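**Student:** My questions all concern the structure below.
As C-alpha cells, then:
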C-alpha cells in the first residue's frame, strides 16, 4: 500500500482554498409571492469537501474501505438435528416459532422438489440465483 506525503505548506494551502463561505446560488425565487426554492442537491455538491488525500486515493483507484464480497452462511446438519440457540429467559412461543420455521437447508430441499431448474445448482450455488427472506421462512 503506497504512502503519500504531504508537507505542512500544502495542507495549509488546501485548507485555505477549501474554506468557502456559502452563497445564495442555491436559492431561487419563484413567482410573485417570492417563495424561496432551495436546491438541496446542488447545495450538498457545492459544500462537499474532498481532501487532497481522498482525491488522490480516488484518482489512483485504491479501495476506500477495506470491504470485500458478502458471505452467506449456509447451515448443514443431519435430519432432525437442527441447532437452535436461545437465551435463558426467551419466550417459549418465540422459541417454538423458530423451531417451526424452515431453515435454509430445508428451503433448499423444498426448492428442489418444486423447481426443476433449481436442481441444476448445488446448495452453495443457490444464493447466486435465489434470495432468502427471513420474514417468509414458513
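In our numbering, the protein residues as written are 146 to 283.
Beta carbons: idealized from backbone N, C-alpha and C, even for Gly.
These numbers were taken from a predicted model, which means no experiment stands behind them.
1. Could you check how far apart the C-beta atoms of residue 229 and residue 250 are, in whole angstroms? I think they sit under 8 Å.
2. Is there contact between the region 264-276 and the region 215-222, where contact requires at least three CB pairs shorter than 8 Å?
3. Which residue wins for smallest C-alpha separation from residue 280, given the options 238, 196, 242, 226?
4. Under the rule that 16 or more other beta-carbon atoms within 10 Å means buried, what is residue 253, buried or exposed?
5. Just the C-alpha distance for residue 203 and residue 192, rounded to the nearest angstrom, thanks.
6. Report yes if the CB atom of residue 257 is closer than 8 Å to the CB atom of residue 264, and no otherwise.
7. When DSSP labels each residue in this structure, what does residue 286 get in the three-state scheme?
8. For residue 308, which of helix, strand or coil comes out of DSSP?
9. Just reading off the alpha helix (DSSP H) that residue 238 is part of, what are its end residues?
**Tutor:** Put simply:
1. Position 84 of the chain shown, counted from the start, is the residue given in the question as residue 229. Position 105 of the chain shown, counted from the start, is the residue given in the question as residue 250. Cβ atoms of residue 229 and residue 250 stay farther apart than 8 Å, at about 13 Å.
2. By the criterion of at least three beta-carbon pairs nearer than 8 Å, the region 264-276 is in contact with the region 215-222.
3. In the chain shown, the residue the question calls residue 280 occupies position 135. Closest by alpha carbon: 242.
4. The sequence position of residue 253 within the chain shown is 108, counting from 1. Burial check for residue 253: the Cβ neighbour count within 10 Å reaches 16 or more, so the residue is buried.
5. Here the question's residue 203 lines up with position 58 in the chain shown. Here the question's residue 192 lines up with position 47 in the chain shown. Looking at the two C-alpha atoms, the distance is approximately 18 Å.
6. Within the chain shown, residue 257 is the residue found at index 112, counting from 1. Within the chain shown, residue 264 is the residue found at index 119, counting from 1. Contact: yes.
7. Any answer about residue 286 is impossible in this case: the structure gives the chain only from 146 up to 283.
8. Outside the shown range of the chain (146 to 283) lies residue 308, about which nothing can therefore be said.
9. Counting from one through the chain shown, the residue named residue 238 turns up at place 93. From DSSP, the alpha helix (DSSP H) with residue 238 extends over 237-245.
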